[in-house]
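Numbering (this note's numbering), first residue to last: 3 to 141.
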């Protein structure tokens, strides 16, 4: 829904409905692009909610030419980590991608210093396949 996309932009930028961070516009525009990709069947975005509160989010970029999808922006609220919400959302998104798009292989990227995320991904069956170096600057 429109409200869910707004929640993604707020959450990713560290903003609230009352106070917008300097990066809010960047994330709003980014998620508008992602929304268009989802409408074209190139991605899917998922929210995990408990009592209407978002506790976990993720996106999947889907290759229509192969059976590969890449997880994007996998986030679980700090106070909700370790409760299985992220794992459940990862599995749910994978099952939906498999059923609707025939995705069989999944890629996930995280920073080496995110040890909790690395442990979770390895527990779910992901294997280290290489290192990626990215350079970027904020707008």
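Positions of the beta carbon are idealized from the N, C-alpha and C atoms, including for glycine.
Return the residue from the list the options that minimises the CA-CA distance to residue i.
i	options	result
residue 137	122, 113, 124 and 6	113
residue 5	135, 111, 116 and 56	56
residue 89	122, 98, 71 and 46	122
residue 36	86, 102 and 7	7
residue 134	109, 98 and 43	109
residue 100	124, 115, 72 and 117	72
residue 29	75, 54 and 41	75
residue 102	43, 117, 21 and 129	43
residue 11	21, 27, 117 and 97	27
residue 3	52, 115, 20 and 40	40
Determine whether the beta carbon atoms of residue i and residue j lie at a separation below 8 Å.
i	j	result
residue 48	residue 95	yes
residue 69	residue 111	no
Assuming residue i and residue j are in contact, meaning their beta carbons sit under 8 Å apart, how far apart are those beta carbons, in whole angstroms?
i	j	result
residue 91	residue 60	6 Å
residue 87	residue 45	That belief does not hold up - the Cβ atoms of residue 87 and residue 45 are roughly 21 Å apart, past 8 Å.
residue 140	residue 25	7 Å
Using a C-beta cutoff of 8 Å, does residue i count as contacting chain D?
i	result
residue 21	Absent from the structure: chain D. Only one protein chain is present.
Mind checking residue i: buried by the 16 CB within 10 Å criterion, or exposed?
i	result
residue 81	exposed
residue 127	exposed
residue 131	exposed
residue 78	buried
residue 84	exposed
residue 50	buried
Taking one C-beta from the stretch 15-31 and one from the stretch 61-80 each time, how about it: are there three or more such pairs within less than 8 Å?
no
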